[in-house]
Amino acid sequence: GGKDRRSGLILTIPLCLEQTSMDELSVTLDYLLSIPSEKCKARGFTVIVDGRKSQWNVVKTVVLMLQNVVPAEVSLVCVVKPDEFWDKKVTHFCFWKEKDRLGFEVILVSANKLTRYIEPCQLTEDFGGTLSYDHMDWLNKRLVFEKFTKESTSLLDELALINNGSDKGTQQERERSIDLNFLPSVDPETVLQTGHELLSELQQRRFNGSDGGVSWSPMDDELLAQPQVMKLLDSLREQYTRYQEVCRQRSKRTQLEEIQQKVMQVVNWLEGPGSEQLRTQWGIGDSIRASQALQQKHEEIESQHSEWFAVYVELNQQIAALLNAGDEEDLVELKALQQQLSDVCYRQASQLEFRQNLLQAALEFHSVAQDLSQQLDGLLGMLCVDVAPADGASIQQTLKLLEEKLKSVDLGLQGLREKGQSLLDQISNQASWAYGKDVTIENKENVDHIQGVMEDMQLRKQRCEDMVDVRRLKMLQMVQLFKCEEDAAQAVEWLSELLDALLKTHIRLGDDAQETKVLLEKHRKFVDVAQSTYDYGRQLLQATVVLCQSLRCTSRSSGDTLPRLNRVWKQFTVTSEERVHRLETAVAFHSSAEKILQECPEQPEAFNEMEQFEEIEAVGKSLLDRLTVPVVYPDGSEQYFGSPSDMASAAEHIREKMKLVSLKKQQLRQPEATTPES
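Here this note's numbering is used: the first residue of the sequence shown is 65, the next is one more, and so on.
Structural data, given as structure tokens:
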């Protein structure tokens, strides 16, 4: 594709390290030089011998061979030397020695200095130029061009022979000639497609730039190939069009005869054996298995019809194609055949579809009936098993499952009625195309069977509903029973927690009379809460007794929960009384102590009797003694209020206040002792 400064073509000969065959190189050069036109050859050649990867002897042989292979128009031979240059004296001497005999100039040049003789835009990247060239792409296109040329030339001869043979002689001779040469050796469509693709590629390279966007000039061999390809394509299209017309005429004559024969075969079978098969099939079956057997039989009938319907579709397409051809002499006959064939096929297809829909509806009806029957059996089995759940949650779950099953049965029965009514509507329309046969008896049996199934399912469903109502009431009572028992047990737990809180947290006796009174009031409210909890538990246990009598079962509370409730309540009562006694004693102690401690010392007459001090000391000692005594329950068990450290803290506060009272007592005695001496 590159050109020298004289517009002459550039021929590049790349040499490699392997041994170069001069015979093969000579043949290759002959082939390449046969491609350009004479006009291109007249402008001369510039030959580039790439010897960078070869030996000097090989390069020398190639240069000498150019004298015999390349025409005399070679103007310049550029030998690209390697980096490690050959012996300069030898090469220089040899070239000058052969210059006159060769008839062209030979120069040695490095690859980077080749642009002194040839423009960079005309050199490929191998020599530092910018010319875009893909050898494999060029080779592939050349092979495609030569293959297309060979095949198209051969095909043109074959098509001309076939077309010319059909234009002369009698009709018999024409048909015989066409039969002998009817099929070309290659597919004309494939050859035409190959030619169009080749031409498109050549034209695209001519008008488009390269991948880099640089304007590109097509090689002369490609410009030369374009008119050849276009001429061959025009000739091929012309001959192929004539060939198609010859084939079409012959095909149309043959088709018309075959269509007439096949139409009668289809019509005779559909109106004969096909119709007879449908006349014998009227039942819908009384179960899923029976309906499936009838469907299988119908599918066999449809399978036989499908073969003939496929023939009908093919015939209809062929008739339509002939009608579109517009031959007036065949139009009337073709239309009559088409109408007759369509009427028979559509009528038979409608009957097959109706029968298939009827059997499908029957199968769906029996499937729904079977599912509903299984649901009723499951519901009845669930109702026949006595209820013995472990707790209220399991009863709720069972009750929910029972309601879901009943709802599912309702939906199933509704679906059965819908399927049954749809099936009855289809059966009522069955007699409209019975080919004159009375199908009243068959239809009556089918109708009675459908109505009988629906009535039976309705009765079974009603019986199950009645049993569900009874079971629902019983289960709700059981839920209430379990709830009462659970709440009663919870009341026992609450009362136990109150007792535990009373023993562990209700420890303080107050720092003064006012605080102790507040604690006493809070304790009474605490006792009220416990009393309410106990009463609530008793009421729940009484309710369980009533429910057990209604359900005729033994209550678990009478032997477990009630004794626990009474035991905890007795323990709480004893503990509460002890707490009240301690608080009341603490109130009396704090009140008396505070009264004495707040009296004015200037009034000694208020303390003339020392019994008050002795009484306070006695109450304090009694309170201290009571703090060390445990609570004794009716069963003999004992419990202490709080921890020993808690009791020690409360006792220490009482002792401190007793010390203050004792100190006060001593202060009052001193004035009495000093009065007689004075």
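The beta-carbon is built from N, C-alpha and C at its ideal position, and this holds for glycine as well. This one's a predicted model, so the numbers in the text were calculated from it and none came from an experiment.
Nearest-angstrom Cβ-Cβ length linking residue i and residue j, presumed shorter than 8 Å
i	j	result
Phe429	Lys483	4 Å
Gln303	Leu247	That pair is no contact at about 15 Å.
Ser216	Leu296	5 Å
Leu358	Leu423	6 Å
Ile718	Gly684	6 Å
Asn227	Arg116	Contact flag wrong, Cβ pair sits at about 57 Å.
Val695	Gln703	5 Å
Thr625	Leu545	Rounded, the Cβ-Cβ distance is 12 Å, inconsistent with contact.
Val331	Leu379	So it is not a contact: roughly 10 Å between Cβ atoms.
Ala289	Phe209	5 Å
Enclosing alpha helix (DSSP H) for residue i [first to last residue]
i	result
Leu130	Trp120 to Val133
Ser707	Counting along the chain, Ser707 falls outside any alpha helix (DSSP H), and DSSP gives it neither H nor E.
Val449	Here Val449 belongs to no alpha helix (DSSP H), and DSSP marks it neither H nor E.
Ser596	Ala577 to Leu615
Ser139	Taken as a continuous stretch (DSSP letters only), Ser139 belongs to no alpha helix (DSSP H), being part of the beta strand (DSSP E) at Val138 to Val144.
Val375	Ile352 to Ala389
Leu342	Ser339 to Arg343
Glu102	Glu102 to Ala106
Unbroken beta strand (DSSP E) run spanning residue i, endpoints
i	result
Phe636	Segment Thr625 to Gln662 is the alpha helix (DSSP H) holding Phe636; no beta strand (DSSP E) there.
Asp114	Phe109 to Asp114
Ser686	Run containing Ser686: none in the beta strand (DSSP E); it sits in the alpha helix (DSSP H), Glu675 to Leu691.
Ser90	First-last for Ser90: Met86 to Leu97, but that is the alpha helix (DSSP H), not the beta strand (DSSP E).
Leu172	Glu169 to Val173
Thr76	Leu73 to Pro78
Which listed residue (the options) has its alpha carbon closest to that of residue i
i	options	result
Val468	Glu529, Gln490, Gln412 and Leu422	First, the amino acid is wrong: residue 468 is Glu here, not Val. That would be Glu529, whose Cα lies nearest to the Cα of Glu468.
Ser492	Asn510, Arg481 and Leu480	Asn510
Thr344	His362, Val327 and Gln329	His362
Lys67	Cys80, Gly115, Ile171 and Pro184	Pro184
Glu404	Met446, Leu583, Gln324 and Val532	In the sequence on display, residue 404 carries Gln and not Glu. It is Gln324.
Asp298	Trp333, Gln439 and Pro252	Pro252
Gly675	Leu93, Val725 and Glu641	Sequence check: residue 675 is Glu here, not Gly. Checked all of Leu93, Val725 and Glu641; the closest Cα to Glu675 is Val725.
Leu387	Ser437, Gln420, Asn332 and Leu320	Leu320
Leu732	Leu342, Phe677 and Lys464	Phe677
Gln603	Leu562, Ser560, Lys729 and Gln554	Gln554
Val593	Thr625, Pro627, Asp198 and Trp558	Trp558
Asp435	Asp489, Ser351 and Gln368	Ser351
His369	Gln356, Phe705 and Gly338	Gly338
Asp441	Asn421, Asn332, Gln461 and Leu466	Leu466
Ala577	Glu658, Thr84, Leu97 and Asn507	Glu658
Cys80	Leu93, Ser90, Ser71 and Pro146	Pro146
Arg70	Ile77, Ile182 and Met294	Ile182
Arg524	Leu470, Leu225 and Lys214	Leu470
Leu447	Val91, Gln119 and Arg535	Arg535
Tyr600	Val293, Leu629 and Phe590	Leu629
C-beta atoms of residue i and residue j nearer than 8 Å
i	j	result
Ala804	Phe373	Outside the shown range of the chain (65 to 742) lies residue 804, about which nothing can therefore be said.
Glu102	Leu140	no
Val111	Val123	no
Thr258	Phe212	yes
Gly108	Glu88	no
Gln186	Leu172	no
His587	Val644	yes
Ser709	Ile680	no
Ala426	Gly476	no
Met722	Leu691	no
Val127	Val143	yes
Cys409	Leu334	yes
Gln522	Ser472	no
Val432	Leu480	yes
Ile365	Gln329	no
Pro100	Leu130	no
Leu203	Val255	no
Leu395	Ile383	no
Closer than 7 Å: residue i CB and nearest the ligand FAD heavy atom
i	result
Gly347	With respect to the ligand FAD, the structure shown offers nothing to examine, as it has no ligands at all.
Practice item. Taking 8 Å as the threshold, find out whether the stretch 607-615 comes into contact with the stretch 628-646 through three or more Cβ pairs. Key: Result no; under three Cβ-Cβ pairs closer than 8 Å.
**Study point:** Cβ contact check for the stretch 526-542 and the stretch 567-587: 3 or more pairs under 8 Å
**Key:** Cβ pair count under 8 Å is below three, so no.
Check your understanding: Is the stretch 647-666 touching the stretch 560-580, taking contact as three or more C-beta pairs under 8 Å?
Key -> Touching, yes, given that three or more Cβ pairs across the two stretches are closer than 8 Å.
Review point. With a cut-off of 8 Å, do at least 3 Cβ pairs link the stretch 558-566 to the stretch 532-544?
Key: The stretch 558-566 and the stretch 532-544 do not touch, with fewer than 3 CB-CB distances between them shorter than 8 Å.
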